[in-house]
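Visitor:
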Amino acid sequence: MSEFEHPIKDVTDSLLGWATQAELELAQRLNHPNVTIIGDLDLASDEVERIEKLYGIFLARQLAAGGNLAELTALSPALFLVTLTARAKKLVAADTFSREYLGGIGLNDLVSESQIDSILADKLAEYLTNMQVSAFDTDPVTVLCWHAGFVNTEIPQLLETIDTVAAKHDNPTIDDLELPHYFSGFHQVSPHAATLYQGVMALRDFTITHPQSWFDRDRKHLEPQLPIAIADAVAAELRERPVGTEDRAAAVGVANRELRPRLILDPVRKKVCLRLPEQRVPARGEITWRVSLEGSTTVYRTGRAWGDVTGYAESLDITLPRPVREVTVEDLSNHITWNVPVVNTNDPILLFNKRGGSVTDKKSLHHQRIRALIPAENRLVDVVHDMDIQPVSSFTIDGWDGWVCHNVILDGVDSLASLDAAATATQSDLKLLRVVDPRQRVTFRTPDEAIKHVTTLGGLKVHSQSLVAEFPPTPSGDTEIWHLSISAFGGAGLAGEEITQPEPLEVPAEGGVFHVLDPDAYDAPWVGEYLVRMRGPRNESFRHEFAIVEGMLAVTTYAGSSGSCRIPAGGGLSEATLIVKPGNKPFTVQPDKVHVSSQEAGADFVVSTEEGDSLPLRFNPPRLIFELPLLTEPPMWRASRMLLHPRMIDTEGTIRVRGAGELEDPKISVRNHHGQPVKTTKLTSRDGGITYVVPVSKLVSTTTVLSRGRIDLEWTDPSNNKRISVTLADVETTEPVAVTLDGGTLTVTGTEQQNLGVWVWPETAPWHPADTFPVVDGAVALPEEYVDAGNLIVQVHVRDPFTVLHTPVSPGPEATVLEQEGFFGTDDGVLGTLSAFISGSHDTIPTDPQVMPVLWDMLASGGHRPETIKAVRTVFQANPDASLRGLSQSLVKSAQQPGRFIETGLVRCRFTGTPGSEAMDADLHLAAWIGTLELLGQLDHLFGAEGYPDAAKPQVEEVKKQLAALAGDNILETLKTARDTTLDSACIDKTTVMLAGMDPAQQRFLLNQVFGEHIVPGAVLDDSSRLLAVFETFNQRDKLRELLGSENLIASAVTLLRTLRSSNKSLYALARIRFDKLDGVDTNAKENLWALAPVVSLVLALASRVSAHGLITSNKTLDAATAGWARLAEVVPDLVISDIVAADAIALAIAKPGIA
-15 MSEFEHPIKD
-5 VTDSLLGWAT
5 QAELELAQRL
15 NHPNVTIIGD
25 LDLASDEVER
35 IEKLYGIFLA
45 RQLAAGGNLA
55 ELTALSPALF
65 LVTLTARAKK
75 LVAADTFSRE
85 YLGGIGLNDL
95 VSESQIDSIL
105 ADKLAEYLTN
115 MQVSAFDTDP
125 VTVLCWHAGF
135 VNTEIPQLLE
145 TIDTVAAKHD
155 NPTIDDLELP
165 HYFSGFHQVS
175 PHAATLYQGV
185 MALRDFTITH
195 PQSWFDRDRK
205 HLEPQLPIAI
215 ADAVAAELRE
225 RPVGTEDRAA
235 AVGVANRELR
245 PRLILDPVRK
255 KVCLRLPEQR
265 VPARGEITWR
275 VSLEGSTTVY
285 RTGRAWGDVT
295 GYAESLDITL
305 PRPVREVTVE
315 DLSNHITWNV
325 PVVNTNDPIL
335 LFNKRGGSVT
345 DKKSLHHQRI
355 RALIPAENRL
365 VDVVHDMDIQ
375 PVSSFTIDGW
385 DGWVCHNVIL
395 DGVDSLASLD
405 AAATATQSDL
415 KLLRVVDPRQ
425 RVTFRTPDEA
435 IKHVTTLGGL
445 KVHSQSLVAE
455 FPPTPSGDTE
465 IWHLSISAFG
475 GAGLAGEEIT
485 QPEPLEVPAE
495 GGVFHVLDPD
505 AYDAPWVGEY
515 LVRMRGPRNE
525 SFRHEFAIVE
535 GMLAVTTYAG
545 SSGSCRIPAG
555 GGLSEATLIV
565 KPGNKPFTVQ
575 PDKVHVSSQE
585 AGADFVVSTE
595 EGDSLPLRFN
605 PPRLIFELPL
615 LTEPPMWRAS
625 RMLLHPRMID
635 TEGTIRVRGA
645 GELEDPKISV
655 RNHHGQPVKT
665 TKLTSRDGGI
675 TYVVPVSKLV
685 STTTVLSRGR
695 IDLEWTDPSN
705 NKRISVTLAD
715 VETTEPVAVT
725 LDGGTLTVTG
735 TEQQNLGVWV
745 WPETAPWHPA
755 DTFPVVDGAV
765 ALPEEYVDAG
775 NLIVQVHVRD
785 PFTVLHTPVS
795 PGPEATVLEQ
805 EGFFGTDDGV
815 LGTLSAFISG
825 SHDTIPTDPQ
835 VMPVLWDMLA
845 SGGHRPETIK
855 AVRTVFQANP
865 DASLRGLSQS
875 LVKSAQQPGR
885 FIETGLVRCR
895 FTGTPGSEAM
905 DADLHLAAWI
915 GTLELLGQLD
925 HLFGAEGYPD
935 AAKPQVEEVK
945 KQLAALAGDN
955 ILETLKTARD
965 TTLDSACIDK
975 TTVMLAGMDP
985 AQQRFLLNQV
995 FGEHIVPGAV
1005 LDDSSRLLAV
1015 FETFNQRDKL
1025 RELLGSENLI
1035 ASAVTLLRTL
1045 RSSNKSLYAL
1055 ARIRFDKLDG
1065 VDTNAKENLW
1075 ALAPVVSLVL
1085 ALASRVSAHG
1095 LITSNKTLDA
1105 ATAGWARLAE
1115 VVPDLVISDI
1125 VAADAIALAI
1135 AKPGIA
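Rendered as structure tokens:
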């Protein structure tokens, strides 16, 4: 009898461990009672692509080492079934299934189709039965298509059928429809088809409810939920071709505009930014955003650019000043909140495509060139081949100390991971591995630069040469037929007229390049703006917006000395002219010379052909813009000459200038009233010649103010080598303007300045954004909402006719308060009633959750009556859950939040954390520590006398998952054991105190050795975060010495320690850990007092949270310590708040054993 031979022939294969683990996990998931078909596994499309890629390489290696395919698939049936089903989902034709499968996983040169056919015929039913899913009694391909749930090519057919039937009667059921072939068969054999159909209908209905924003909204609440891959495929179809689209296979669909903020990389300025996207501008004229970075919320406003004709606000790029875990963004116009992930603590790598868009969330990369931002000590590795990936070039990112960005070409690379310098490929976490598969993506490329300063009225850049589609090698490894469709570009959310019927393209196996708009197809030039679609045989859909005037030649000239941009001249801007000429193919331009006068932003013109094509275009010549920092208003870009009072200049600010590219040798001068230069200094650029800057302090000392005269800018224009000088501002001593209010009319007197405007804020409604009104003939007629609406805060400003000034968030020091009766809004029990309270018309504060963020803002702004502050605190303590959530939604800076939390007494309140809406769930991420306390409150609320009720257990598991994401895995361990394991390592000891006595150079060297590895931001209770929080006391030791020496905090901590010892010995032992670590340190010496800060912080946190849960009573001691503790939180906020979070988990674990 021969010995058994193991199917694995290459035991050194780096993917053997991955295959073993993946097989085990997939088999367990397939055997779950809720899994009816393989498609129910809920694997995202890119996760399936990752499995296909790695499984294909694993099989190829084993086969090359002498393995047998049938034996290998028998050893890995779950992987085999998942990859087969993934290919069935992308079915082209039943008779080519095996060939497509082998091509998809890269085995077409090693395995024959007959081998796959044989395994499917002999073993498919057995494998399915063993996984406890239906084997279905039919041919293998049909079985696999049914297990996919939907074949991709049938999704458009199903949606089109639903549209047809729904037009006749509402809410058609699955039995009302003539279903596509495979889904029809599936419906006949399984009731699960009806569930999938209901999921499609729920998603379809959601798109009808929110036609403009559904794609960017959270859809987790829809019932029934579709598996991720199916939901993504249906959503992709409905996004491109909404409900009601006819002939979906041929239709190009509607153009899209994204609402979702996203990360981008700006390689020129070397910054990582959060991009707030273009949005349709509402009636108010601006889009308001709230952006929360590590708990600090900032308000931003975006609006239409000067001269805009699209109706959309400009996108805004907000620089991320340092690595953070996530950013929370709220779009107040569409009432959507997003959490934008940035750095994953367990996988510290950010990936960007060549256009700067983030692809970090992808598990399968479809790009051949990427930029990878990783910690400087890490390296990029192809784990599959155990090979370092050498970057082409590298650069650092502004503010991201300890990180480096690599330009990487992925040719010949199958996987990508960021590993610690000391780690080997075999030690890497293969779950974090990304695979590389450019075969999955068709790319569009423009062979020419866009024509400068010319756009369509829809906002598209205009090109003179055809768009090119580049096809990678085909996924099947065979020649494939794709279809090209072209429609007119109708604008966002609109379908344009179909220009051509779908044209078949024969794509060879090795890929190829095709002109989308074939220059040889017609004698006439291509003229138009188009939406192009490439549809693949598996229902792949790649689209591109593109505008072309074939052969167009354009030259821009400017009046005056500047040859690159418009500059201030003659009460306006220098005039500009565009001359357009055709190339080899004729077209006409009307007018033949496109002229922009000194007062205009741009000019329209039309290009047309004899064949009847016509394209309206917009010429927007660039202009010089500058930013002079003022004390009276936030920095704003301006384009026209300003008039300033000498004391208006902010001497601590920065002057910024932008032209249309490089400015050679730029200098800025302050001249006196005789025109003689008083001071001249150079401007420099840190972003590759986009922006030129100089601190005002280089022009004016901090002890003096600007002399009378003017501020001039001069530079050499590289386009004509001329030296250019323009005046940015005249400086004169002027009397302040006077503003009065009479009924509904504001009157502005005391100035002859032109182009005045006013910003108006209702004083009794500090949450209401300012409105901007022009001053006409010295007066402003106010809207009705401002009449008898309480006091108004009014600030006069000089408008700029050549740019758009965004309204400031808050008034400046020159603003005037105009008194009038009343309050803003109506007595609605919410914000209107709060306005009435602020005005003095009401005596009570409303307690609606909408009011809480505003109350926090009021406390933080200061200057309120003591009785108002007391009333606000009373409201907070009576409504702890709403108040806690309100703090995270407020504009209180993150470093100040812990102090306010303590000062108001909320730290001693018990939270129930009642679950809210999906928007409220998103708010958990605004401030991670607040979200963590809310989630702990939810567990507390759900855990009854007999533990968790069965009905609540799914919710409990979700809460635990959210807790781990927000606070780290340590918090779950603390809930189980009532111990904080970080206390043993995150502490001050004798060595640290000795470090304080060394010279600064030695300190920096030793601290870099300890903390150099902690550049990746972690969760609240991660080991690294706790360590950094404790060691912040070292950096703040001077302030802490003064604080602990003047406040009675140490005495309070000692008293509370005694209380803990008498009530709970384990709590006492925990509270002493940090003190015991100071063994050998003279803590009575004043110079060492700072080292007690972590001890005091932990004792106060434990006492407060166990008091909140009713385990001790020490109100008087805690009352006495509150003010000092709040001050401690202002000095070391991360230490204090992480101690509070840990203390709450410990208190819960003691009060409710078994809560975790």
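Residue numbers -15 to 1140, in my numbering, belong to the letters of the sequence shown in order.
Just so you know, even glycine gets a beta-carbon here, dropped at the ideal spot from N, CA and C.
1) With distances taken from CA atoms, which of Asp634, Gln182, Thr286 and Ala862 is nearest Leu614?
2) Taking the C-alpha atoms as reference points, what is the distance between Trp322 and Glu298?
3) The beta strand (DSSP E) spanning Pro486 covers which residue range?
4) For the region 59 to 68 against the region 428 to 440, do three or more pairs of beta-carbon atoms, one drawn from each stretch, fall closer than 8 Å, so that the two count as touching?
5) For the ligand NAP, is there any heavy atom lying closer than 7 Å to the beta carbon of Gly643?
6) Within its chain, find whatever has a CB closer than 6 Å to the CB of Trp751; leave out the 5 residues flanking it on each side and keep chain order.
7) Got a sec, what are the start and stop residues for the alpha helix (DSSP H) Asn1099 sits in?
8) What are the uninterrupted segments assigned as alpha helix (DSSP H) that are 4 or more residues long and contained completely in the region 863 to 894, given in chain order?
9) Nearest to Val662 by CA position, among Ser448, Ile652, Gln861 and Arg1025, is which residue?
10) Need the endpoints of the beta strand (DSSP E) that Trp743 sits in, please.
11) Where do the N-terminal and C-terminal ends of the beta strand (DSSP E) with Ile532 fall, by residue?
12) The alpha helix (DSSP H) that contains Gly816, what's its start and end?
13) Would you call the CB atoms of Leu1040 and Thr1101 closer than 8 Å?
14) Which one or two residues does DSSP pair with Cys389 in a beta bridge?
15) Compute the distance between the beta-carbons of Arg607 and Arg550, then report whether it is under 8 Å.
16) Counting only the same chain and skipping the five closest in sequence on each side, list residues whose C-beta sits under 6 Å from that of Ser(-14).
17) Just tell me which of Ser709, Gly673 and Met620 has its CA closest to the CA of Arg655.
18) Would you please state the rounded distance, in angstroms, between the beta carbons of Thr329 and Pro1001? I believe it to be under 8 Å.
19) Could you pull out every unbroken beta strand (DSSP E) segment of at least 3 residues lying fully inside the region 410 to 484, listed in chain order?
20) Using three-state DSSP, classify Asp250 as helix, strand or coil.
21) With a CB to CB cut of under 8 Å and the five nearest residues on each side skipped, what residues in its chain are close to Gly287?
22) Taking buried to mean at least 16 other C-beta atoms within 10 Å of its own C-beta, is Thr916 buried or exposed?
23) Measure the Cβ-Cβ separation of Asp1163 and Cys257 and say whether it is below 8 Å.
24) Going by DSSP in three states, Arg363 sits in which element: helix, strand or coil?
25) Using 8 Å for Cβ pairs, my map puts Val368 next to Ser399. What's the rounded Cβ distance?
26) Could you tell me whether the Cβ atoms of Thr484 and Ser469 are closer together than 8 Å?
27) According to DSSP, is Tyr932 helix, strand or coil?
28) Taking the continuous alpha helix (DSSP H) assigned at Val943, which residues delimit it?
29) Kindly indicate which residue of Val856, Pro618, Thr735 and Asn18 has the alpha-carbon position closest to the one of Pro797.
30) Near Glu36, which residues of its chain fall below 7 Å by C-beta distance, leaving aside the five closest residues on each side in sequence?
31) Check whether the region 377 to 394 and the region 230 to 242 are in contact - that is, three or more C-beta pairs closer than 8 Å.
32) Taking DSSP's pairing of strands, which residues face Arg602 in a bridge?
33) Taking the alpha-carbon of Met371 as reference, which of Glu716, Ala407, Arg353 and Gln424 has the nearest alpha-carbon?
34) From the DSSP output, in three-state form, read off Gly596 for me.
35) Going by CA-CA distance only, name the one from Ala151, Ser348 and Asp250 that's closest to Ser29.
36) Contact between the region 762 to 781 and the region 808 to 822: three or more CB pairs below 8 Å?
Guide: Per the coordinate set shown:
1) Residue numbering aside, residue 614 sits at position 630 when the sequence shown is read from its first letter. Closest option to Leu614, Cα to Cα, is Asp634.
2) Position 338 of the sequence shown, counted from the first residue, corresponds to residue 322. Position 314 of the sequence shown, counted from the first residue, corresponds to residue 298. Roughly 19 Å separates the two Cα atoms.
3) Looking up residue 486 in the sequence shown gives position 502. It spans Glu482 to Val491 - the beta strand (DSSP E) in which Pro486 sits, taken as one unbroken run.
4) no
5) Only the bare structure without any ligand can be found here, which leaves the ligand NAP out of the picture.
6) On the sequence shown, position 767 is the one that residue 751 refers to. These residues qualify, in order along the chain: Val838.
7) On the sequence shown, position 1115 is the one that residue 1099 refers to. First-last of the alpha helix (DSSP H) with Asn1099: Asn1099 to Val1115.
8) 864 to 873 and 881 to 887
9) Numbered from its first residue, the sequence shown carries residue 662 at position 678. The residue with the shortest Cα to Cα distance from Val662 is Ile652.
10) Numbered from 1 along the sequence shown, position 759 holds the residue referred to as residue 743. Its beta strand (DSSP E) spans residues Leu740 to Pro746.
11) Within the sequence shown, the letter at position 548 stands for residue 532. Ser525 to Val533 is the extent of the beta strand (DSSP E) around Ile532.
12) Here residue 816 refers to the residue found at position 832 of the sequence shown. Residues Leu815 to Ser823.
13) The residue given as residue 1040 occupies position 1056 in the sequence shown. The residue given as residue 1101 occupies position 1117 in the sequence shown. Yes, the pair counts as a contact, with Cβ atoms nearer than the cut-off.
14) As a working mapping, residue 389 is identified with position 405 in the sequence shown. DSSP output for Cys389 lists Leu357 and Phe379 as bridge partner(s).
15) As a first step, residue 607 must be located in the sequence shown, where it is residue number 623. As a first step, residue 550 must be located in the sequence shown, where it is residue number 566. Cβ atoms of Arg607 and Arg550: closer than 8 Å.
16) Position 2 of the sequence shown, counted from the first residue, corresponds to residue -14. Note on Ser(-14): pLDDT 46, under 50, position unreliable in the model; the coordinate value appears next. Nothing meets the Cβ criterion.
17) Taking the sequence shown and counting its residues from 1, one reaches residue 655 at position 671. Ranking Ser709, Gly673 and Met620 by Cα distance to Arg655 puts Ser709 first.
18) For this step, residue 329 is matched to residue 345 along the sequence shown. For this step, residue 1001 is matched to residue 1017 along the sequence shown. Confirmed, Cβ separation roughly 7 Å.
19) 418 to 420, 427 to 429, 438 to 440, 452 to 455 and 464 to 472
20) The sequence position of residue 250 within the sequence shown is 266, counting from 1. In the structure shown, Asp250 sits in a strand (DSSP, three-state: E or B).
21) Here residue 287 is taken as the residue at index 303 of the sequence shown, counted from 1. Correct list, in chain order: Val265, Gly269, Glu270, Ile271, Ala297, Glu298, Val788 and His790.
22) In the sequence shown, residue 916 corresponds to position 932, counting from 1. When all chains shown are included, Thr916 counts as buried.
23) Lying before the first or after the last residue shown, residue 1163 is absent from the chain, which here runs from -15 to 1140.
24) Taking the first residue of the sequence shown as position 1, residue 363 is located at position 379. Looking at Arg363 - three-state DSSP - the assignment turns out to be strand.
25) By one-based count along the sequence shown, residue 368 stands at place 384. By one-based count along the sequence shown, residue 399 stands at place 415. Yes, they are in contact, since the Cβ atoms of Val368 and Ser399 sit about 4 Å apart, within 8 Å.
26) Locating residue 484 in the sequence shown gives position 500, where the first residue counts as 1. Locating residue 469 in the sequence shown gives position 485, where the first residue counts as 1. Taking 8 Å as the Cβ cut-off, Thr484 and Ser469 qualify as a contacting pair.
27) Counted from its first residue, the sequence shown places residue 932 at position 948. Tyr932: coil per DSSP, three-state reduction.
28) Start at 1 with the first residue of the sequence shown, and residue 943 comes out as number 959. It spans Lys937 to Ala951 - the alpha helix (DSSP H) in which Val943 sits, taken as one unbroken run.
29) Walking along the sequence shown from the start, residue 797 turns up at place 813. Nearest of Val856, Pro618, Thr735 and Asn18 to Pro797, Cα basis: Pro618.
30) In the sequence shown, residue 36 corresponds to position 52, counting from 1. So the qualifying residues of the chain are Thr67, Ala70, Gly88 and Ile89.
31) no
32) Here residue 602 corresponds to residue number 618 of the sequence shown, with the count starting at 1. Partner(s): Thr439 and Asp588.
33) Start at 1 with the first residue of the sequence shown, and residue 371 comes out as number 387. With distances taken between Cα atoms, Met371 lies closest to Ala407.
34) In the sequence shown, counting from the first residue as 1, residue 596 sits at position 612. In the structure shown, Gly596 sits in coil (DSSP, three-state: anything other than H, G, I, E or B).
35) Numbered from its first residue, the sequence shown carries residue 29 at position 45. For the residues Ala151, Ser348 and Asp250, the minimum Cα distance to Ser29 belongs to Ser348.
36) yes
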